[in-house]
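The block underneath contains the structure these notes are about, expressed in structure tokens.
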Amino acid sequence: MQYSNHIAGIAPRAPRRALRKQHLAMACCLALSLPMAAQAQQAAQATSSDQTVETLDTVKVTGIRAAIATAVETKSESTSIVEAISAEDIGKLPDISIADSISRLPGLATQRVDGRSQVINIRGMSEQFAGTLLNGREQVSTGDSRGVEFDQYPAELINAVTVYKTPDAALIGQGLSGTVDLQTIRPLSLSERRIVFSGQYEANSFGKLSQDGNDKGYRASASYVDQFANDTVGIALGVARINSPFQEKHYKAWWWADMDAVDWGDPAQPGRPANAIALQGSEGWIKSRELTRDGVMGVFEFKPNDSFHSILDVYYSKFDQDEVMHGAMWSNDPWAPGGGVSYSNATTTDYHGYPVVTSGTLNGVRPVIRNDSNVREDKLFSAGWNNTFEFGDVYTLKTDLSYSRAEREQSALELYAGRLGGQSIDFSIRPVSGFNHYGLPDMADPNAVYLWDPQNWGHDGRLEDSFQKDVIKAGRVELNRTVESDFLRSFDVGFNYNRRTKEKVATVYFADLPDGRTPTLVDASLLYSPTSLGFVGMGDILSFNPRDLVNRYYDVYVSESNDDLRKDFIVEETVKTFYAKANLDLDVTDTVRLRGNAGFQYIRTDQQSTGFNANNSTVVGAQTLGASYGDILPSLNLVLDLGDGWMVRFGAAKTLVRPPINYLSADSSASVSTIAPFVWSGSGGNPTLEPYRANSYDLSFERYFGEGNYVSLAAFYKNLETYIYRKNFPNWDFSAYDPDGQTPISDFGNYSTWANGSGGYMRGLELSGAITGDTFHESLDGFGALLNVSYTESSIDPDGPENGASTDTIPGLSKIVANATVYYEKNGFSARLSQRYRDPYRGEYSSLFGQRQIRFTKSERTMDMQFGYEFPDTSALNGLSVLLQVNNLTNEPFRTEVSESTGTGLLFPEEYTEYGRQYMLGFRYKL
Numbered sequence: 045m046q047y048s049n050h051i052a053g054i055a056p057r058a059p060r061r062a063l064r065k066q067h068l069a070m071a072c073c074l075a076l077s078l079p080m081a082a083q084a085q086q087a088a089q090a091t092s093s094d095q096t097v098e099t100l101d102t103v104k105v106t107g108i109r110a111a112i113a114t115a116v117e118t119k120s121e122s123t124s125i126v127e128a129i130s131a132e133d134i135g136k137l138p139d140i141s142i143a144d145s146i147s148r149l150p151g152l153a154t155q156r157v158d159g160r161s162q163v164i165n166i167r168g169m170s171e172q173f174a175g176t177l178l179n180g181r182e183q184v185s186t187g188d189s190r191g192v193e194f195d196q197y198p199a200e201l202i203n204a205v206t207v208y209k210t211p212d213a214a215l216i217g218q219g220l221s222g223t224v225d226l227q228t229i230r231p232l233s234l235s236e237r238r239i240v241f242s243g244q245y246e247a248n249s250f251g252k253l254s255q256d257g258n259d260k261g262y263r264a265s266a267s268y269v270d271q272f273a274n275d276t277v278g279i280a281l282g283v284a285r286i287n288s289p290f291q292e293k294h295y296k297a298w299w300w301a302d303m304d305a306v307d308w309g310d311p312a313q314p315g316r317p318a319n320a321i322a323l324q325g326s327e328g329w330i331k332s333r334e335l336t337r338d339g340v341m342g343v344f345e346f347k348p349n350d351s352f353h354s355i356l357d358v359y360y361s362k363f364d365q366d367e368v369m370h371g372a373m374w375s376n377d378p379w380a381p382g383g384g385v386s387y388s389n390a391t392t393t394d395y396h397g398y399p400v401v402t403s404g405t406l407n408g409v410r411p412v413i414r415n416d417s418n419v420r421e422d423k424l425f426s427a428g429w430n431n432t433f434e435f436g437d438v439y440t441l442k443t444d445l446s447y448s449r450a451e452r453e454q455s456a457l458e459l460y461a462g463r464l465g466g467q468s469i470d471f472s473i474r475p476v477s478g479f480n481h482y483g484l485p486d487m488a489d490p491n492a493v494y495l496w497d498p499q500n501w502g503h504d505g506r507l508e509d510s511f512q513k514d515v516i517k518a519g520r521v522e523l524n525r526t527v528e529s530d531f532l533r534s535f536d537v538g539f540n541y542n543r544r545t546k547e548k549v550a551t552v553y554f555a556d557l558p559d560g561r562t563p564t565l566v567d568a569s570l571l572y573s574p575t576s577l578g579f580v581g582m583g584d585i586l587s588f589n590p591r592d593l594v595n596r597y598y599d600v601y602v603s604e605s606n607d608d609l610r611k612d613f614i615v616e617e618t619v620k621t622f623y624a625k626a627n628l629d630l631d632v633t634d635t636v637r638l639r640g641n642a643g644f645q646y647i648r649t650d651q652q653s654t655g656f657n658a659n660n661s662t663v664v665g666a667q668t669l670g671a672s673y674g675d676i677l678p679s680l681n682l683v684l685d686l687g688d689g690w691m692v693r694f695g696a697a698k699t700l701v702r703p704p705i706n707y708l709s710a711d712s713s714a715s716v717s718t719i720a721p722f723v724w725s726g727s728g729g730n731p732t733l734e735p736y737r738a739n740s741y742d743l744s745f746e747r748y749f750g751e752g753n754y755v756s757l758a759a760f761y762k763n764l765e766t767y768i769y770r771k772n773f774p775n776w777d778f779s780a781y782d783p784d785g786q787t788p789i790s791d792f793g794n795y796s797t798w799a800n801g802s803g804g805y806m807r808g809l810e811l812s813g814a815i816t817g818d819t820f821h822e823s824l825d826g827f828g829a830l831l832n833v834s835y836t837e838s839s840i841d842p843d844g845p846e847n848g849a850s851t852d853t854i855p856g857l858s859k860i861v862a863n864a865t866v867y868y869e870k871n872g873f874s875a876r877l878s879q880r881y882r883d884p885y886r887g888e889y890s891s892l893f894g895q896r897q898i899r900f901t902k903s904e905r906t907m908d909m910q911f912g913y914e915f916p917d918t919s920a921l922n923g924l925s926v927l928l929q930v931n932n933l934t935n936e937p938f939r940t941e942v943s944e945s946t947g948t949g950l951l952f953p954e955e956y957t958e959y960g961r962q963y964m965l966g967f968r969y970k971l
């Protein structure tokens, strides 16, 4: 139940593709069924008197198998339904970020942003529905909402990851889809000093795409863990630096339309085939990014006796991105600048019964050459101090103080150039994903390509500088009491206080050439070598560093639209969580054990936001709005241990996740009409939004056998009582808004904003397992596999129940997600091949001028490979291991689709981007 005291928040694929996209999922299902048969055969061959069950506590293997065994042990012993990764696993697969590692877990998928895994989708829901913790504490985000960007966390500094799929009353900051808890090392958990150094050389398969780009980088890390004073004091220190190149070949089709099928008042285009769908604009570019991330981790642990335990942990990272872009783009729709675009020699191709213009020549086009510089600096700091006091054998008191801060400074500059007058462009395109081809005139001639505004955007360049800061201050106290009972082991009561403040400020500048914006040639000394766009047939283009030119050639001034002014906001949240939990443990019979927990949270939330009201590109006022609400969240987790490795898990809970922070902004564009009847109207954010709320149910059947082997089949069902979508409120209260000198007839009017509405269900199945080769036969010792596949579906219409039936799915939902890893590890040699697959989905991405956009993202199948060798104890190189790794082995492209604009219902290709392969060669040395 909840209490409130405020007033009010994919087209079908062709059949021939259906079988292909199921191959990985079918392979996972088949492989997961084999060990059960093998286990049964082994059981039949052994006598009951000799047979024993080996538990995970006796695992003595090392390397990849030891990591898997540790992760399986975490999963087995948890009272919740969880997935886990151990430190050895992350260390053995040194991914660019934690996101690459945890995206291989069952029911999880990563969303690639700029070619790298950045955010995690759990059980078909976007990153906004997940909670992220560091050592059990809620973390801030460097993005503009709540979703944590995992590339901020070096894999080398994280000791373990646990993903909670079912809630726990003592878990603070949990999400609706799941909760990711990143954990740093505890030095007293080790029995000896550990010093590790590692380094890697990194290269991109594309080579250097532009003079100012970079295709080579490196990674380096060092860690020191030690114990002192008879193992009562422990220290862990770690540093990690990555300098990583990312290259990008990008093509995008802007939009498709049959302009004869609608009457939009568009001018005629001579030569365009009648009643045919045509592409209305295109772009191609290369980007080079140099990512530099420095991470530092420190842990101080003090345990002088069995009654007191104190841990202080600190994490800091600084993430710099220097991105350059050189590209060409144009509009060729009927309203394109320069007096119109015509066609010649145009031909069409049939596409699902519709003619599509696929070749010919565009005349009168004004392609713009863009040279961009995007510089970003992120700083992330997190610190926590945890103390545990034990009073006899009955009471345990825990206290925890934490502070988390993220800052982002970003500057994005773009300058425009092009040939004077209209140009002719030959084109040969296909209505399927891939690089299309265009023949442009020479766009690299320094005597013919001028600085100016070919597309009539109203300025000759644009600069946006932004700053945002996110801070969480939290404190927690918890009391545990053990109980002498046949079914109740102990109970916990606790309180957590969390205060979060997120603010953002952005300023937009236009850059214009002097003398009435007169086109200007660039001094040859400021030019780079031309950049090739040959992968889309566009040839070479004029290239330069825009930051070298902006002060020399341009007049720069502030120019902000209503949307630009509304980017500034402050959101403040105070969340108080009271919780109680009973920990259950009951021996039902000599072989059957029931354990788990039952509890509840009461969460009281107070939120408010301050934002600008912008009208006619001017700030006419500011308003502060907010809300207060409470929720009671019961939860139940039960594990029925049937013996011989068989377990059944059940979870039931009421869950919530608060709205995306940018939805809560009090920004608006609201005004009173200047003619009678002088009524209010507007649009903007909604600081009175309440959370997404859901009732969730989970059931899992699990079988553990051998050393780190298991098979699991899980089902889940989430009934989202509320969902957030856009809505028009005809009676919105505008009393807190500035009328800018007008006198409205009423304080109420029409307002378009985010709103709470009815939701729907999310349901799915997950099949997963870990299998070693010796389960089948001793000759396969050293071989193993990790396999999982999940299916998820939803009834939720993200456009809201008032907007009619829709085929859209909620952001982040891929119906099928599958992962397969096969490995070999023996006698120091190791090899691993991993593949991730996810079905098409609607992804949320940054769009034009920092806005957010939902895009139809096509299926992805990414593959990584590694080979390694660890020198044995008998070698003079004992402690040294070497590693060769290839990420994105098959150069999997990023692909999106867009709906045809005149109602045919067809999906056409939109973006097609390749990032190349990442090669890494390195070493690791342990003292």
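Mapping to our numbering: the sequence shown position 926 is 970, numbers consecutive.
Virtual Cβ for every residue (Gly too), placed ideally from N, Cα, C.
7 angstroms CB neighbourhood of G478 in its chain, flanking five on each side removed: Mapped onto the sequence shown, residue 478 falls at position 434. Y956.
For P678, the residue or residues it bridges with in DSSP: In the sequence shown, counting from the first residue as 1, residue 678 sits at position 634. In DSSP, P678 forms a bridge with F644.
Three-state secondary structure assigned by DSSP to F479: Position 435 of the sequence shown, counted from the first residue, corresponds to residue 479. In this structure, F479 counts as coil in the three-state DSSP scheme.
Local conformation of S93 per DSSP, three classes: Taking the first residue of the sequence shown as 1, we reach residue 93 at position 49. With a pLDDT of only 36 at S93, under 50, the local geometry of the prediction cannot be trusted, and the value read off the model is given with reservation. Residue state, collapsed to three classes: coil.
Other residues of its chain near Y268: CB distance less than 6 angstroms, five sequence neighbours each side excluded: For the purposes of this step, residue 268 is taken as residue 224 along the sequence shown, with counting starting at 1. Same-chain partners within the cutoff: I239, L281.
Collapsed DSSP secondary structure at Y707 in the structure displayed: Counting from one through the sequence shown, the residue named residue 707 turns up at place 663. The answer is helix: DSSP assigns Y707 an H, G or I state.
Close beta carbons around K347, own chain, < 7 angstroms, minus the five adjacent residues each side: Within the sequence shown, numbered from 1, the residue matching residue 347 stands at position 303. Within the same chain, K347 has close Cβ partners L232, T276, H353.
Nearest candidate by alpha-carbon position, reference Y795, set P774, T562, F290: Taking the sequence shown and counting its residues from 1, the one referred to as residue 795 is at position 751. Considering only alpha carbons, the answer is P774.
Check whether S375 and G408 have beta carbons under 8 angstroms apart: On the sequence shown, residue 375 is found 331 positions in, with the first residue counted as 1. On the sequence shown, residue 408 is found 364 positions in, with the first residue counted as 1. Result no, Cβ atoms of S375 and G408 do not sit closer than 8 angstroms.
Own chain residues within Cβ distance below 8 angstroms of D599, not counting five before or after: The sequence position of residue 599 within the sequence shown is 555, counting from 1. Once the five neighbours on either side are set aside, the close Cβ partners of D599 are A555, D556, L557, P558.
Whole beta strand (DSSP E) elements within the stretch 757-834, 3-residue minimum: 792-816
L831, buried or exposed, once every other Cβ within 10 Å from all chains shown has been counted against 16: To locate residue 831, count along the sequence shown from 1; it is residue 787. That one is buried.
For H987, the residue or residues it bridges with in DSSP: A question about residue 987 goes unanswered here, because the residues of the chain that appear run from 45 up to 971.
Euclidean distance between Cα positions of V537 and E822: Indexing the sequence shown from 1 puts residue 537 at position 493. Indexing the sequence shown from 1 puts residue 822 at position 778. Looking at the two C-alpha atoms, the distance is approximately 50 angstroms.
Residues near D416 by beta carbon distance below 6 angstroms, same chain, minus five either side: Stepping through the sequence shown from its first residue, residue 416 is reached at position 372. Here the set comprises M369, E458.
Residue nearest to A213 in terms of C-alpha spacing, selected from I469, I854, F613, A697: For the purposes of this step, residue 213 is identified with residue 169 of the sequence shown, where counting begins at 1. Closest by alpha carbon: A697.
Neighbourhood of Y597 by C-beta, 7 angstroms cutoff - its chain only, sequence neighbours within 5 removed: Working through the sequence shown from its first residue, we reach residue 597 at position 553. The answer, listed in chain order, is L495, L557, T564.
DSSP beta-bridge partners of F272: Stepping through the sequence shown from its first residue, residue 272 is reached at position 228. Partner(s): V277.
Simplified DSSP assignment, three categories, for D101: Along the sequence shown, read from residue 1 onward, the residue named residue 101 stands at position 57. At D101, the pLDDT of 38 sits below 50, so the modelled position is not reliable and the matter cannot be decided from this model.
Residue closest to F745, alpha-carbon to alpha-carbon, out of P485, L484, Y781, G687: Along the sequence shown, one-based indexing puts residue 745 at 701. The candidate whose alpha carbon is nearest that of F745 is G687.
Residue environment, Y707, which counts as buried when at least 16 other CB atoms sit within 10 Å: In the sequence shown, residue 707 corresponds to position 663, counting from 1. Looking at its Cβ environment, which holds 16 or more other Cβ atoms inside 10 Å, Y707 is buried.
Supposed contact pair L220 and F173 - C-beta distance, whole angstroms, cut 8 angstroms: Here the question's residue 173 lines up with position 129 in the sequence shown. Here the question's residue 220 lines up with position 176 in the sequence shown. Indeed they touch by this definition, with Cβ atoms about 5 angstroms apart.
Proximity of P198 and A264 at Cβ, strictly below 8 angstroms: Here residue 198 corresponds to residue number 154 of the sequence shown, with the count starting at 1. Here residue 264 corresponds to residue number 220 of the sequence shown, with the count starting at 1. Result no, Cβ atoms of P198 and A264 do not sit closer than 8 angstroms.
Residues bridged to Y360 [DSSP beta-bridge criterion]: Working through the sequence shown from its first residue, we reach residue 360 at position 316. Looking at the DSSP assignment, Y360 forms a beta bridge with V340, F425.
Assigned exposure category for V438 - 16 Cβ within 10 Å defines buried: Translated into positions along the sequence shown, residue 438 becomes position 394. Answer is exposed; the Cβ neighbour count stays below 16.
From G966, G923, G328, D784, residue whose alpha carbon lies closest to that of G583: Counting from one through the sequence shown, the residue named residue 583 turns up at place 539. If we check each option's Cα against that of G583, G328 comes out closest.
Residues of its chain near T112, where Cβ-Cβ distance is below 6 angstroms and the 5 sequence neighbours each way are ignored: Sequence index remark: in the sequence shown, residue 112 carries index 68 (1-based). The identity of residue 112 in the sequence shown is Ile, whereas the question assumes Thr. For I112, where only same-chain residues beyond five positions count, the Cβ hits under 6 angstroms are G752, A814.
Buried or exposed (CB count within 10 angstroms, at least 16 for buried), W308: In the sequence shown, residue 308 corresponds to position 264, counting from 1. The residue is exposed, with fewer than 16 neighbouring Cβ atoms inside 10 Å.
Own chain residues within Cβ distance below 6 angstroms of L1003, not counting five before or after: Because the chain in this structure spans residues 45 to 971, residue 1003 falls outside the shown range and cannot be described.
Reference P678, options D631, D685, L609, F622, closest by Cα: On the sequence shown, position 634 is the one that residue 678 refers to. Checking every option, the nearest Cα to that of P678 belongs to F622.
Bounding residues of the beta strand (DSSP E) (the contiguous stretch that carries G408): The count along the sequence shown starts at 1 and reaches residue 408 at position 364. From DSSP, the beta strand (DSSP E) with G408 extends over 398-409.
Endpoints, beta strand (DSSP E) assigned at L924: Taking the first residue of the sequence shown as position 1, residue 924 is located at position 880. Its beta strand (DSSP E) spans residues 924-931.
Exposed unless 16 or more other CB atoms sit within 10 angstroms - verdict on G465: Numbered from 1 along the sequence shown, position 421 holds the residue referred to as residue 465. Per the 10 Å Cβ criterion, exposed.
N287 at chain B interface by Cβ criterion, 8 angstroms: No chain B is part of this structure, which consists of one protein chain only.
Contacting residues, own chain, Cβ-Cβ under 6 angstroms from V926 (five flanking each side not counted): In the sequence shown, the residue the question calls residue 926 occupies position 882. Correct list, in chain order: Y913, F967.
Spatial distance of R905 from W724 (CA atoms): Taking the sequence shown and counting its residues from 1, one reaches residue 905 at position 861. Taking the sequence shown and counting its residues from 1, one reaches residue 724 at position 680. One C-alpha to the other measures close to 50 angstroms.
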